[in-house]
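See below for the structure under consideration.
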Amino acid sequence: MCTPTSPYTVRAGMAALLLVLSTGLPAYALPGGGKVPKSIIDAQSDAPPQVRGVDVEEHLGDLAPLEAQFTDASGKSVRLRDVLPRTRPVLLTLVYYNCPLLCNLVINEQIRTMRELGLELGKDYEAVTVSIDPKDTPAQSHERRRRHLQSMGLPETAPWHFLTGTQENIHQLADTVGFKYAYDESTKQYVHPAVLMVLTPEGSISRYLYGTSFPAKDMKLALLEAAGGRVGTSFDRIVLTCFKYDTATRRYGFYIFGFLRIGALMVFGALATMLAYYWRRELKKGAAA
Numbered sequence: 307m308c309t310p311t312s313p314y315t316v317r318a319g320m321a322a323l324l325l326v327l328s329t330g331l332p333a334y335a336l337p338g339g340g341k342v343p344k345s346i347i348d349a350q351s352d353a354p355p356q357v358r359g360v361d362v363e364e365h366l367g368d369l370a371p372l373e374a375q376f377t378d379a380s381g382k383s384v385r386l387r388d389v390l391p392r393t394r395p396v397l398l399t400l401v402y403y404n405c406p407l408l409c410n411l412v413i414n415e416q417i418r419t420m421r422e423l424g425l426e427l428g429k430d431y432e433a434v435t436v437s438i439d440p441k442d443t444p445a446q447s448h449e450r451r452r453r454h455l456q457s458m459g460l461p462e463t464a465p466w467h468f469l470t471g472t473q474e475n476i477h478q479l480a481d482t483v484g485f486k487y488a489y490d491e492s493t494k495q496y497v498h499p500a501v502l503m504v505l506t507p508e509g510s511i512s513r514y515l516y517g518t519s520f521p522a523k524d525m526k527l528a529l530l531e532a533a534g535g536r537v538g539t540s541f542d543r544i545v546l547t548c549f550k551y552d553t554a555t556r557r558y559g560f561y562i563f564g565f566l567r568i569g570a571l572m573v574f575g576a577l578a579t580m581l582a583y584y585w586r587r588e589l590k591k592g593a594a595a
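Under this note's numbering, the sequence shown has 496 at position 190, and the numbering climbs by one with no breaks.
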């Protein structure tokens, strides 16, 4: 004989069932709109505390903070817009001068790749490097700039701008481009991602290049893409249509449809030339008759 079940027993049973089911669900599947507080994510992370939150949030298409104030290598106060060329794309790097390893790897690889681009600094693109350490000085900017330009065999007038700034303006730039970094008090060093950003001539974020190795093909295509056809040769612009950026691999890969489009245009051009030739020949025959 079945005994009646009290409302309390039903509620308790349902709560127990929900608890059992929820233990097998990931955090994002629990009630609450799928949004897990960052503090919980950090607490569950295997990463050490000093590197939690260090990442890159891509803000493609966003405009860099053009009014942010910095100091150039000569000690002159400039706005970010003052060092953007407006007619050429820009390679933007965020580093700091006392970095023991990673910043040097990024800059040295940037220099190596710039040598292999087949594009000319100042004619086809420019470069801006901003220190994330507000204690870095214009004198350090001047020395780094001189050394890097010398290693490339370029004059000191070449448009590679090294900037320092206040904590406020550095954070404004870093937040806008999605460059998430942190200061580790125990080592007195900054923890930061390895990334190079490509800006359009107007200062919008066009592409991110990751790691400490930048293939020359990827950097060149990113610059051509950011320029919108305003730099490079006609052949470079044709090549750009045959390659497409793959967000999964973060590399430019061969784009078969772009190749087919070019092939179709070439076939169309050949047919048009042939038809024009025969048409002119028939006109000559008619005139001779």
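Note that the Cβ used here is the ideal one computed from N, Cα and C, for glycine as well.
(1) Tell me Y496's beta-bridge partners as DSSP assigns them.
(2) Grab me the residues of H448's own chain with a C-beta within less than 6 Å of its C-beta, minus the 5 sequence neighbours each way, in chain order.
(3) Output the distance between the C-alpha atoms of G459 and I417, rounded to the nearest integer angstrom.
(4) A424: buried (16+ other C-beta within 10 angstroms of its C-beta) or exposed?
(5) Please classify T435 as buried or exposed, where buried requires at least 16 other C-beta atoms within 10 Å of its C-beta.
(6) Leaving out the 5 sequence neighbours to the left and right, which residues in its chain are closer than 6 Å to E432 when beta-carbon positions are compared?
(7) Only counting the same chain, and skipping five residues up and downstream in sequence, which positions put a Cβ closer than 7 Å to that of G367?
(8) Suppose the cutoff is 6 Å on Cβ atoms and the five residues either side in sequence are ignored; what does the same chain contact list for N410 look like?
(9) Which residues mark the beginning and the end of the beta strand (DSSP E) in which S447 is found?
(10) Counting only the same chain and skipping the five closest in sequence on each side, list residues whose C-beta sits under 7 Å from that of T315.
(11) Name the two residues that bound the continuous beta strand (DSSP E) containing T435.
(12) Following a CB-centred definition, is A480 positioned closer than 7 Å to any heavy atom of the ligand ZN?
(13) In terms of residues, what are the limits of the alpha helix (DSSP H) holding T377?
(14) I need the straight-line Cα distance from V362 to L505, nearest angstrom please.
(15) Where L529 and H467 are concerned, what is the direct C-alpha to C-alpha distance, given to the nearest angstrom?
(16) So within the region 376-406, which uninterrupted beta strand (DSSP E) runs reach at least 3 residues, ignoring any that extend past its ends?
(17) Going by C-alpha distance, which of L372, I438, V384 is nearest T399?
(18) Return yes when the Cβ of T470 is within less than 8 Å of the Cβ of T377, no when it is not.
(19) What is the DSSP secondary structure of V412, counted as helix, strand or coil?
(20) Quick check: the Cα distance between Y516 and G484, rounded to an integer number of angstroms?
(21) Measure the Cβ-Cβ separation of A533 and L408 and say whether it is below 8 Å.
(22) Within a Cβ cutoff of 7 Å, which residues of the same chain sit near R450, ignoring the five residues on either side of it in sequence?
(23) Can you look up T579 in the DSSP assignment and give me helix, strand or coil?
(24) I need the DSSP call for H477, collapsed to helix, strand or coil.
Put simply:
(1) Mapped onto the sequence shown, residue 496 falls at position 190. For Y496, which the question treats as bridged, DSSP gives the partners Y489.
(2) For the purposes of this step, residue 448 is taken as residue 142 along the sequence shown, with counting starting at 1. Here the set comprises A379.
(3) For the purposes of this step, residue 459 is taken as the residue at position 153 of the sequence shown. For the purposes of this step, residue 417 is taken as the residue at position 111 of the sequence shown. About 11 Å.
(4) Working through the sequence shown from its first residue, we reach residue 424 at position 118. Reading off the sequence, residue 424 comes out as Gly, not Ala. Flag for G424 reads exposed.
(5) To locate residue 435, count along the sequence shown from 1; it is residue 129. When all chains shown are included, T435 counts as buried.
(6) Counted from its first residue, the sequence shown places residue 432 at position 126. If we look at E432 and ignore the five residues flanking it on each side, its Cβ neighbours are P391, R394, V396, P465.
(7) Along the sequence shown, one-based indexing puts residue 367 at 61. Closer than 7 Å at Cβ, skipping near neighbours: S510, I511.
(8) The residue given as residue 410 occupies position 104 in the sequence shown. None.
(9) Working through the sequence shown from its first residue, we reach residue 447 at position 141. Note, S447: premise wrong, no beta strand (DSSP E); alpha helix (DSSP H) at 444-457.
(10) For the purposes of this step, residue 315 is identified with residue 9 of the sequence shown, where counting begins at 1. Caution is warranted here: a pLDDT of 45 is assigned to T315, below 50, making its placement in the model unreliable, and the coordinate value is therefore given only provisionally. For T315, where only same-chain residues beyond five positions count, there are no Cβ hits under 7 Å.
(11) In the sequence shown, the residue the question calls residue 435 occupies position 129. Unbroken beta strand (DSSP E) run through T435: 432-437.
(12) As far as ligands go, the structure on display features none, and thus does not contain the ligand ZN.
(13) Position 71 of the sequence shown, counted from the start, is the residue given in the question as residue 377. Per DSSP, T377 belongs to no alpha helix (DSSP H); it is in the beta strand (DSSP E), 375-377.
(14) Here residue 362 corresponds to residue number 56 of the sequence shown, with the count starting at 1. Here residue 505 corresponds to residue number 199 of the sequence shown, with the count starting at 1. Going from the Cα of V362 to the Cα of L505 covers about 16 Å.
(15) Looking up residue 529 in the sequence shown gives position 223. Looking up residue 467 in the sequence shown gives position 161. Approximately 17 Å between the Cα atoms of the pair.
(16) 383-385, 396-401
(17) By one-based count along the sequence shown, residue 399 stands at place 93. Looking at the Cα atoms, I438 is the closest of the given residues.
(18) Taking the first residue of the sequence shown as 1, we reach residue 377 at position 71. Taking the first residue of the sequence shown as 1, we reach residue 470 at position 164. For T377 and T470, yes; Cβs fall inside 8 Å.
(19) Here residue 412 refers to the residue found at position 106 of the sequence shown. Residue state, collapsed to three classes: helix.
(20) Working through the sequence shown from its first residue, we reach residue 516 at position 210. Working through the sequence shown from its first residue, we reach residue 484 at position 178. Each residue's Cα considered, the two are about 13 Å apart.
(21) Walking along the sequence shown from the start, residue 533 turns up at place 227. Walking along the sequence shown from the start, residue 408 turns up at place 102. Result no, Cβ atoms of A533 and L408 do not sit closer than 8 Å.
(22) Working through the sequence shown from its first residue, we reach residue 450 at position 144. Excluding residues within five positions, the ones whose Cβ falls inside 7 Å are Y403, F468.
(23) On the sequence shown, residue 579 is found 273 positions in, with the first residue counted as 1. T579 falls in the helix class under three-state DSSP.
(24) Start at 1 with the first residue of the sequence shown, and residue 477 comes out as number 171. Helix, per DSSP.
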